[in-house]
Amino acid sequence: MQQHGDQYIGGEWVASLGADTIPVLNPATEEVIASVPAGTAEDVDAAVRAARAAARSWGATSPTERLAHLTRLRDGLAARQQEIAETVVAELGSPIGFATAVQAALPLGVAGSYLDILAGYEFTEQVGNSTVYAEPAGVVAAITPWNYPLHQVVAKVVPALAAGCTVVLKPAEDTPLVARLFARIVHEAGFPAGVFNLVTGVGAVAGAALAAHPEVDLVSFTGSTAVGAKIAETAGGGIKRVALELGGKSANVVLPGADLARAVNVNVGNVFANSGQTCTAWTRLLVHQDQYEEAVAIAAKAAAKYVPGDPASPDTRLGPVVNAKQRDRVRGYIETAVAEGARVVAGGPEAPEGLATGFYVRPTVLADVAPDATVAQEEIFGPVLSILSYRDEAHALEIANGTAYGLAGGVWAADNETAVAFARGMDTGQIDINGGRFNPLAPFGGYKHSGVGRELGRHGLEEFLQPKSLQF
Ligand code: NAD
11 MQQHGDQYIG GEWVASLGAD TIPVLNPATE EVIASVPAGT AEDVDAAVRA ARAAARSWGA
71 TSPTERLAHL TRLRDGLAAR QQEIAETVVA ELGSPIGFAT AVQAALPLGV AGSYLDILAG
131 YEFTEQVGNS TVYAEPAGVV AAITPWNYPL HQVVAKVVPA LAAGCTVVLK PAEDTPLVAR
191 LFARIVHEAG FPAGVFNLVT GVGAVAGAAL AAHPEVDLVS FTGSTAVGAK IAETAGGGIK
251 RVALELGGKS ANVVLPGADL ARAVNVNVGN VFANSGQTCT AWTRLLVHQD QYEEAVAIAA
311 KAAAKYVPGD PASPDTRLGP VVNAKQRDRV RGYIETAVAE GARVVAGGPE APEGLATGFY
371 VRPTVLADVA PDATVAQEEI FGPVLSILSY RDEAHALEIA NGTAYGLAGG VWAADNETAV
431 AFARGMDTGQ IDINGGRFNP LAPFGGYKHS GVGRELGRHG LEEFLQPKSL QF
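Numbering-wise (this note's numbering), the sequence shown opens with residue 11 and increments by one.
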């Protein structure tokens, strides 16, 4: 077991000022594989001071200079792809195939996309008799969750550094190891001391201290809506900017005339990827009442191909969920669904057969789910798909928009025009039309309780900039 006692502050690994530690568990074996410091408010203060001390000089560097550093960072991510994937398998339980193709490769792609964006970005603009400079927002607090533990770090830290901001990162308790690996890659890329800092710790202690620190200018948070609301309140009191990427309860709407089998099969893959721990997962499949039983049968058949197993094995498509609390929560939601009248057509709340150890949940498909059922309203964050039926397009739109969230979605129709017309009525941030692919350059973020602000692409860079106008 690796026992880490240090934080990355001011360009070096320094001993945490606290004595408490956080155990890191492998969710497939339930073994403790490492421990990291449970950072204190003093650790956070040291990290924020280091970031503040570096802010002016880093903010004054040219985009070309930042590009050189970020290119080395991207190259470091490229060189460590296998180590990144193996670390995510060990601490999160993503199957190795998914960990390689998504958990390791996506952040590499996102980092690469920011090299292009930075190279082409106009940091000054002429508006009438004014020259407008896009200046860095200052010291950024980045607080991230565990489900895409490197992607969420890269989607904040890389554009923040590209904008000329300095950063203190507080990663999730469950997945600090890939964040520590990222800090080593940043270090090897030769960034000036204090430009990037890492403090591991418990959300209510280190996270809260970071969000409240008076020297932090902007808090970029990804996680639950409940914690996001708290952070926005704290940040509001300190007049800090906030960017919030929160939960989702996304609808995939299959309109009559669409390729039903493809739409349902893609939905099953979408919702079981990463054991359902994806904020954009299409957890509600909406099908016309005339095609409902056909869709349910297709989904049940597709679900049978997802057999939970050892995430380290290349044949495994579905690993465990991240921890025991999450496993119990997901199983509890399935029980609630049944109590509220849902029909289990695949999976169920029981432990999967032959897996006595590990935080496993049976991949589950629920039919006859009412739009106001608990599982159709609340984020489950596990491999659970609810299938709902609608009477006509207006009813489908009412159901699709009938939750507090608005992060993602899908629309399938006989043609793109019909699908786009429906999608324009959805209160949600990104919608895939007839199976459109994820685009890392497109703005990513939510409507309603799914968040404030956008990540990725040019919009993601601009989250970390602020304009200054000089008049002539
Ligand atoms: P969480 O909100 O509990 O934790 C997220 C981060 O916030 C962690 O680093 C945690 O330590 C920290 N934190 C917790 N309490 C805090 C506090 N009081 N002050 C400051 N920081 C605090 O969420 P989670 O359990 O890590 O992740 C699951 C949730 O995140 C789900 O609801 C999911 O939808 C959401 N999520 C959203 C996105 C998105 O992009 N919209 C992406 C991934 C996850």
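The beta-carbon is built from N, C-alpha and C at its ideal position, and this holds for glycine as well.
Should residue i be counted as a contact of the ligand NAD given a C-beta to heavy atom distance under 7 Å?
{"i": "V237", "result": "yes"}
{"i": "G213", "result": "yes"}
{"i": "S460", "result": "yes"}
{"i": "F448", "result": "no"}
{"i": "Q387", "result": "no"}
{"i": "L256", "result": "yes"}
{"i": "K259", "result": "no"}
{"i": "N284", "result": "no"}
{"i": "F391", "result": "yes"}
{"i": "T232", "result": "yes"}
{"i": "I241", "result": "yes"}
{"i": "N207", "result": "no"}
{"i": "Q162", "result": "yes"}
{"i": "K180", "result": "yes"}
{"i": "L417", "result": "yes"}
{"i": "P155", "result": "yes"}
{"i": "E183", "result": "yes"}
{"i": "A121", "result": "no"}
Given this structure, state the Cα-to-Cα distance separating residue i from residue j, to the nearest angstrom.
{"i": "E304", "j": "A109", "result": "33 Å"}
{"i": "N262", "j": "Y158", "result": "22 Å"}
{"i": "G435", "j": "S396", "result": "22 Å"}
{"i": "H161", "j": "R251", "result": "22 Å"}
{"i": "V355", "j": "I344", "result": "12 Å"}
{"i": "V24", "j": "D442", "result": "45 Å"}
{"i": "I153", "j": "Q301", "result": "43 Å"}
{"i": "P487", "j": "D378", "result": "Absent from the model: residue 487. The displayed extent of the chain is 11 to 482, so no value can be given."}
{"i": "H223", "j": "I19", "result": "16 Å"}
{"i": "T50", "j": "G463", "result": "29 Å"}
{"i": "I241", "j": "A218", "result": "8 Å"}
{"i": "H14", "j": "R190", "result": "10 Å"}
{"i": "G467", "j": "E96", "result": "27 Å"}
{"i": "G103", "j": "V209", "result": "23 Å"}
{"i": "D30", "j": "K180", "result": "16 Å"}
{"i": "T232", "j": "P155", "result": "6 Å"}
{"i": "V278", "j": "A312", "result": "7 Å"}
{"i": "R337", "j": "F133", "result": "47 Å"}
{"i": "V264", "j": "L116", "result": "28 Å"}
{"i": "S260", "j": "Y400", "result": "16 Å"}
{"i": "L295", "j": "T346", "result": "19 Å"}
What residue range is occupied by the uninterrupted alpha helix (DSSP H) comprising residue i?
{"i": "G119", "result": "A115 to G130"}
{"i": "S67", "result": "A51 to G69"}
{"i": "I409", "result": "E403 to A410"}
{"i": "R341", "result": "A334 to A349"}
{"i": "I153", "result": "It is not in any alpha helix (DSSP H) - I153 instead sits in the beta strand (DSSP E) that spans V149 to I153."}
{"i": "I32", "result": "Element bounds for I32: not the alpha helix (DSSP H) but the beta strand (DSSP E), T31 to L35."}
{"i": "L220", "result": "A218 to A222"}
{"i": "P188", "result": "Here the sequence assigns Val to residue 188, which means Pro is not the residue at that position. Residues P186 to E198."}
{"i": "A25", "result": "Not the alpha helix (DSSP H): A25 falls in the beta strand (DSSP E), residues E22 to A25."}
Exposed or buried, which one is residue i when buried takes at least 16 other CB atoms within 10 Å?
{"i": "A245", "result": "buried"}
{"i": "K130", "result": "One detail in the question is off: residue 130 reads as Gly in this sequence, not Lys. Exposed: under 16 other Cβ atoms inside 10 Å."}
{"i": "G148", "result": "buried"}
{"i": "E472", "result": "buried"}
{"i": "E389", "result": "buried"}
{"i": "K335", "result": "exposed"}
{"i": "D382", "result": "exposed"}
{"i": "D425", "result": "exposed"}
{"i": "A57", "result": "buried"}
{"i": "S123", "result": "buried"}
{"i": "I249", "result": "exposed"}
{"i": "G267", "result": "exposed"}
{"i": "F206", "result": "buried"}
{"i": "A271", "result": "exposed"}
Mind checking who residue i pairs with in its DSSP beta bridge?
{"i": "N207", "result": "V178"}
{"i": "L295", "result": "N262 and I397"}
{"i": "T134", "result": "Y143"}
{"i": "V421", "result": "V263 and I443"}
{"i": "T374", "result": "V394"}
{"i": "F454", "result": "E465"}
{"i": "A245", "result": "Per DSSP, none; premise fails for A245."}
{"i": "I19", "result": "E22"}
In terms of residue numbering, what span does the beta strand (DSSP E) encompassing residue i cover?
{"i": "L466", "result": "Here L466 belongs to no beta strand (DSSP E), and DSSP marks it neither H nor E."}
{"i": "F231", "result": "L228 to T232"}
{"i": "L480", "result": "L475 to Q481"}
{"i": "P330", "result": "Segment: none, P330 is in no beta strand (DSSP E) and carries neither H nor E."}
{"i": "A429", "result": "Where A429 is concerned, there is no enclosing beta strand (DSSP E), although the alpha helix (DSSP H) it sits in stretches over N426 to A433."}
{"i": "E101", "result": "Looking at the DSSP string, E101 is not in any beta strand (DSSP E); the run it does join, the alpha helix (DSSP H), is Q91 to L102."}
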